[in-house]
Amino acid sequence: MKETLKANIKLKQCKICENLECSDNEKFIDMFSDLSIIADLNFTTGIITVNIPNLSPSLICSSCLIQLRSFADFKRKALESEENFRTRNSKIEKKFWEDEKNNIL
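If you count the sequence shown from 1, position 56 lands on 56 in full-length UniProt numbering, and the numbers rise without skipping.
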């Protein structure tokens with residue numbers, strides 16, 4: 001039983017899509033060689049990845065990495081846009097209430 005478990009754990013596999021092999025123009029990247037990959041995975045999915053050898057794949061294929069980076073960029077852009085809208089609306093609302101106050105007085 002231990003032999004089978006060890007053999008399965010040693011397989012190279014993408015943590016995201018679970019592919020065991022990459023196509024000719026792709027490669028596996030160790031997520032822990034670039035901690036921004038771990039940060040983006042957590043930021044976009046909420047998945048917390050820890051480096052515990054032999055318990056979970058630490059590889060990501062280049063296709064999944066491209067999608068992860070794209071999604072992280074999209075999420076950052078959406079959050080930044082939302083913050084900008086809130087800031088502008090807050091200023092407009094503040095001006096509105098100041099004008100209302102001045103009109104009453």
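The beta-carbon is built from N, C-alpha and C at its ideal position, and this holds for glycine as well.
Predicted, not measured: the structure shown is a model, and the values here were computed from it.
Query raised in the report: Once you ignore the five residues that flank Cys64 on each side, which residues in its own chain have a CB closer than 7 Å to its CB?
Result: On the sequence shown, position 64 is the one that residue 64 refers to. Only residues of its own chain outside the window of five on either side were considered, and among them Cys14, Ile16 and Cys17 have a CB closer than 7 Å to the CB of Cys64, listed in chain order.
Query raised in the report: From Ile47 to Lys91, what distance separates their C-alpha atoms?
Result: Within the sequence shown, residue 47 is the residue found at index 47, counting from 1. Within the sequence shown, residue 91 is the residue found at index 91, counting from 1. So the two alpha carbons sit approximately 36 Å from each other.
Query - alpha helix (DSSP H) runs wholly inside the UniProt domain "ZAD" (12-88), at least 4 long, in chain order - result: Whole alpha helix (DSSP H) segments, 4+ residues: 35-45.
Report task. Tell whether a beta-carbon distance below 8 Å holds between Met31 and Ser58. Result -> Mapped onto the sequence shown, residue 31 falls at position 31. Mapped onto the sequence shown, residue 58 falls at position 58. Yes, they are a contact pair.
Query - Supposed contact pair Leu41 and residue 144 - C-beta distance, whole angstroms, cut 8 Å - result: A question about residue 144 goes unanswered here, because the residues of the chain that appear run from 1 up to 105.
Report task. Please name the residue in Lys12, Ser36 and Asn102 whose C-alpha comes closest to that of Asn54. Result -> Against the sequence shown, residue 54 aligns to sequence position 54. For the residues Lys12, Ser36 and Asn102, the minimum Cα distance to Asn54 belongs to Lys12.
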